[in-house]
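Residue numbers (this note's numbering): 107 to 564. Virtual Cβ for every residue (Gly too), placed ideally from N, Cα, C. Note sheet for the following structure.
Below you can see the structure in the form of structure tokens.
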């Protein structure tokens, strides 16, 4: 038995023995989550000399955006979607609601592959327009509202399942895409042919047909299907990070996941750029002047506080002009980013076919779309998880050292994406001496993603 197999067996036995105690972990996380959301809006404003150790509002903000957001992505590389099955309070709350719920059949509209795409885009845009990263009331509104929705979905739909986690969670499928590069997977001990199937007649809370499981994206690592002493079920396997994407042709790739990945990357980038680039302000002023020339005065009135920032006490109020320009800017960046990634993936797929690659163009396109996973994930962490690096400054790193750390992280992700592209092309049948040609569009796509986050990285 290899060392990795021994470690996997130890982990299996630990969770099999203490699996019943996870409910207390979920309860503790739920109470902590409620405290992080509910207490800050009731407190006075932080003082000039307050920090995260002296004021709970600053502490809760840092826990969300300096700890949870960046680390939940980084943890995927090491432990897959362990956050979802072991720690996530929303998924647990949805399941608790399901135990006493109506247990209705999950409708077709919810099972549509585009549902989590819509969920992610709506929540991401809404979070930006209400200032979820800056205002505790907005944090409570967005995450509290999402929690209520998760419980409602769990209460109404599914029979002892997590319909929310599988079909509606705005962050779950993005973590699912990145879990494909993770070092952890659960594989059936007795495999059946036919590829991954969706079924509610299974022990799995996210409706995975365990005997046909090949992909990681829907597995929340709840360990319910694990019994180290059984000949059936699934077993934990420690693998080389990125292995699943290297073998993506045989790991249930699909077009919806690729478009979710492209669109999600673009909308997150748009949510970052409108805050920092002067071009957005120039366009906002120009569009505002155009509206005023037509005497559309409503554009300079604030909207409802549940839809946009209305905090005059903090000298921040959004008008309908701001709402329209923020949303349209984010959507525009999303379309542009998705178009670039689709074009580079399409060019790589076409060139792969020209130099001997197998599969259809569509098959090659889907497979090569996964190559951007490392660079996109690291860019998200650097760009939207900037508060994590604030802690590094607090413990003594200089700004120059932090900058070099960001550069190193990005370069590693760039090389990793290039490596994945090379491995995918190899499995498509492209020879080593001809592989360089379809690699070029992939490099261009990775650099385009990194270029979008340039301000955050450098």
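With DSSP run on the structure shown, which of helix, strand or coil describes residue i?
i	result
residue 460	helix
residue 436	helix
residue 294	strand
residue 408	strand
residue 236	coil
residue 326	coil
residue 252	helix
residue 222	helix
residue 132	helix
residue 352	helix
residue 401	coil
residue 241	coil
residue 394	helix
residue 507	helix
residue 309	coil
residue 347	coil
residue 536	coil
residue 465	coil
residue 282	helix
residue 529	helix
residue 445	helix
residue 561	helix
residue 320	coil
residue 358	coil
residue 172	helix
residue 299	coil
residue 192	helix
residue 78	Residue 78 lies beyond the residue range present for the chain, which begins at 107 and ends at 564; the question has no answer from this structure.
residue 229	helix
residue 502	coil
If you follow the beta strand (DSSP E) that residue i is part of, which residue opens it and which one closes it?
i	result
residue 123	Not the beta strand (DSSP E): residue 123 falls in the alpha helix (DSSP H), residues 109–124.
residue 340	340–344
If you check the beta carbons only, do residue i and residue j fall under 8 Å apart?
i	j	result
residue 370	residue 280	yes
residue 186	residue 327	yes
residue 473	residue 534	yes
residue 256	residue 212	no
residue 478	residue 423	no
residue 528	residue 517	no
residue 382	residue 284	no
residue 320	residue 358	yes
residue 350	residue 286	yes
residue 149	residue 157	no
residue 524	residue 549	yes
residue 396	residue 436	no
residue 176	residue 503	no
residue 405	residue 488	no
residue 289	residue 184	yes
residue 236	residue 225	no
residue 138	residue 329	no
residue 115	residue 334	yes
Here's a check: name, in chain order, each residue in its chain whose Cβ is nearer than 8 Å to the Cβ of residue i, leaving out the five neighbours to either side.
i	result
residue 217	273, 304
residue 97	The requested residue 97 does not occur in the structure, where the chain is confined to residues 107 to 564.
residue 131	192, 193
residue 260	199, 200, 201, 202, 203, 204, 207, 268, 269, 270
Can you give me the start and stop residues for the alpha helix (DSSP H) that residue i sits inside?
i	result
residue 487	479–490
residue 363	361–382
residue 163	162–168
residue 154	Unbroken run through residue 154: none, as it is neither H nor E.
residue 558	542–558
residue 276	From DSSP, residue 276 is part of no alpha helix (DSSP H); its letter is neither H nor E.
residue 202	195–205
residue 287	Run containing residue 287: none; DSSP gives neither H nor E here.
residue 176	175–185
Excluding sequence positions up to five away, which residues of its chain have a Cβ less than 7 Å from the Cβ of residue i?
i	result
residue 467	455, 456, 459
residue 338	295, 296
residue 515	484, 488
residue 298	317, 318
On the DSSP bridge list, what partners appear for residue i?
i	result
residue 304	314
residue 210	263
residue 423	416
residue 332	340
Looking only at its own chain, which residues have a Cβ that is under 6 Å from the Cβ of residue i, when we skip the five neighbours before and after it?
i	result
residue 558	375
residue 354	473, 476
residue 219	362
residue 277	none
residue 229	276
residue 193	135
residue 249	143
For a test of your reading of the model: does the CB of residue i fall under 7 Å from any non-hydrogen atom of the ligand HEM? Yes or no.
i	result
residue 266	The ligand HEM is not part of the structure shown, which contains no ligands of any sort.
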